[in-house]
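**Student:**
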Amino acid sequence: MGRQPCCEKNGLRRGPWTIDEDHKLMTFILNNGIQCWRLVPKLAGLMRCGKSCRLRWINYLRPDLKRGAFTEAEEDMIIQLHARLGNRWSKIAAQFPGRTDNEIKNHWNTRIKKKMKFLGLDPRTHHPIEQHHNVEPILKLENGESTSSHTIFNNDKIKEENNNISIDKTPTIEDIGYMMMSHDHQLESCTTSFELEFPQTWIDSPGFQWDAFNDPGLSFH
DNA sequence: AATCGGGGCAACCGCACGCTT
DNA sequence: TAAGCGTGCGGTTGCCCCGAT
1 MGRQPCCEKN GLRRGPWTID EDHKLMTFIL NNGIQCWRLV PKLAGLMRCG KSCRLRWINY
61 LRPDLKRGAF TEAEEDMIIQ LHARLGNRWS KIAAQFPGRT DNEIKNHWNT RIKKKMKFLG
121 LDPRTHHPIE QHHNVEPILK LENGESTSSH TIFNNDKIKE ENNNISIDKT PTIEDIGYMM
181 MSHDHQLESC TTSFELEFPQ TWIDSPGFQW DAFNDPGLSF H
């Protein structure tokens with residue numbers, strides 16, 4: 001015997017919530033609290049199923065929700081928690097008061113995953129995608145060519161424009177980020193390459209700037 | 001100005017789990 | 001012990017917005 005659906009589907013509204021529905025749900029919950037989600041829509045006068053009401057409340061209407069973009073510290077923490085917990089979004093969200101599991105999951109899928117791939121890390125395992133440590137993140141340039149962060153870092157022209165960066169050391173993520181932020185021209189030549197530090201150290205770097213990857217001239221694979 | 005495509009986010013779906021009967 | 005029920009969770013979908021063409 002299969003499970004009963006959580007509600008009768010017939011006659012119930014679906015899709016985006018209206019302001020009036022939000023108002024009804026919020027007023028009801030603030031006045032009466034939540035005893036049984038199945039009863040909430042009936043008592044609140046809503047043509048929604050209880051499950052939909054619960055989701056709307058948790059993800060959008062709760063007064064303690066924190067709005068706005070994720071900070072770099074939050075992103076770093078999400079990555080660390082994901083490495084430990086995997087896709088247990090509710091457990092991860094529990095560490096972020098005011099954030100929802102849905103919000104964190106969406107942020108992971110739309111932003112952090114891409115950035116990890118750029119760093120040569122598998123978002124599922126947090127291990128390098130390649131077997132070797134010298135994984136080169138691949139960048140696509142405006143002119144359609146592909147290159148790597150190594151190439152950018154070792155480009156003579158960029159070196160000239162970033163003379164505050166030593167070329168005799170392994171670049172830090174700050175170095176790469178700085179150079180990528182100022183990258184507004186196409187590469188003309190490649191020079192010697194070097195071994196990158198293990199990518200995980202980039203993420204752990206306290207000065208790591210994700211914004212470095214928003215350079216309009218670059219896109220991620 | 002119109003169209004297209006991609007990104008981001010809200011919401012839905014189905015399953016799992018724990019509690020009750 | 002098994003069935004029913006309510007809720008939570010994670011994956012997926014669909015829609016809207018915005019930038020590019």
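So in the UniProt record's numbering, spot 134 of the first sequence is number 134, and the numbers just go up one at a time.
Even glycine gets a Cβ: it sits at the ideal position worked out from N, Cα and C.
1. Can you tell me where the alpha helix (DSSP H) holding His-126 begins and where it ends?
2. Decide if Lys-115 is buried, meaning its Cβ has at least 16 other Cβ atoms within 10 Å, or exposed.
3. Please go through the stretch 82-121 and give each complete alpha helix (DSSP H) segment of 4 or more residues, from N-terminal end onward.
4. Exposed or buried, which one is Cys-49 when buried takes at least 16 other CB atoms within 10 Å?
5. Report yes if the C-beta distance between residue 223 and His-82 is below 8 Å; otherwise report no.
6. Would Arg-56 pass as a contact of Trp-89 if the rule is Cβ separation under 8 Å?
7. Just confirm the distance between the C-beta atoms of Thr-100 and Ala-93, as a whole number of angstroms; I'd bet it's less than 8 Å.
8. Below 8 Å, can you find three or more Cβ-Cβ pairs linking the stretch 20-34 to the stretch 51-71?
9. Can you tell which of Lys-51, Arg-124, Phe-118 has its C-alpha closest to the C-alpha of Leu-85?
10. List the whole-angstrom C-beta distance separating Leu-25 from Leu-43, where the pair is believed to meet the contact cut-off of C-beta under 8 Å.
11. Skipping 5 residues on each side, what residues in its chain have a beta carbon closer than 8 Å to that of Val-40?
12. Nearest CA to the CA of Glu-75: which residue from Asp-20, Lys-105, Leu-12?
13. From Phe-96, Lys-91, Ala-73, pick the residue whose C-alpha is nearest to that of Lys-66; which is it?
14. Have a look at Arg-38 and Ala-73 and give me their C-alpha separation to the nearest angstrom.
15. From Asp-22, Ile-79, Leu-12, pick the residue whose C-alpha is nearest to that of Asp-122; which is it?
**Tutor:** So, from the data block:
1. On the first sequence, residue 126 is found 126 positions in, with the first residue counted as 1. Note, His-126: premise wrong, no alpha helix (DSSP H); not H, not E.
2. Numbered from its first residue, the first sequence carries residue 115 at position 115. Classification for Lys-115: buried.
3. Runs found: 89-93, 101-107, 113-118.
4. For this step, residue 49 is matched to residue 49 along the first sequence. Buried: at least 16 other Cβ atoms inside 10 Å.
5. Lying before the first or after the last residue shown, residue 223 is absent from the chain, which here runs from 1 to 221.
6. Working through the first sequence from its first residue, we reach residue 56 at position 56. Working through the first sequence from its first residue, we reach residue 89 at position 89. Between Arg-56 and Trp-89, the CB-CB gap reaches or exceeds 8 Å.
7. Taking the first sequence and counting its residues from 1, one reaches residue 100 at position 100. Taking the first sequence and counting its residues from 1, one reaches residue 93 at position 93. That pair is a contact at about 6 Å.
8. Because the criterion of three Cβ pairs below 8 Å is met, the stretch 20-34 and the stretch 51-71 touch.
9. Against the first sequence, residue 85 aligns to sequence position 85. If we check each option's Cα against that of Leu-85, Arg-124 comes out closest.
10. Here residue 25 corresponds to residue number 25 of the first sequence, with the count starting at 1. Here residue 43 corresponds to residue number 43 of the first sequence, with the count starting at 1. Beta-carbon to beta-carbon, Leu-25 and Leu-43 are separated by about 11 Å, too far to satisfy the 8 Å threshold.
11. Numbered from 1 along the first sequence, position 40 holds the residue referred to as residue 40. Closer than 8 Å at the Cβ level, and outside the excluded window around Val-40, lie Leu-25, Phe-28, Ile-29, Ile-34, Leu-46, Gly-50, Cys-53, Arg-54.
12. Your numbering for residue 75 matches position 75 in the first sequence. Among Asp-20, Lys-105, Leu-12, the Cα nearest to that of Glu-75 belongs to Lys-105.
13. Along the first sequence, one-based indexing puts residue 66 at 66. Shortest Cα-Cα distance from Lys-66 to any of Phe-96, Lys-91, Ala-73 involves Phe-96.
14. Within the first sequence, the letter at position 38 stands for residue 38. Within the first sequence, the letter at position 73 stands for residue 73. Approximately 38 Å, taken between the alpha carbons.
15. The residue you call residue 122 lines up with position 122 of the first sequence. Among Asp-22, Ile-79, Leu-12, the Cα nearest to that of Asp-122 belongs to Ile-79.
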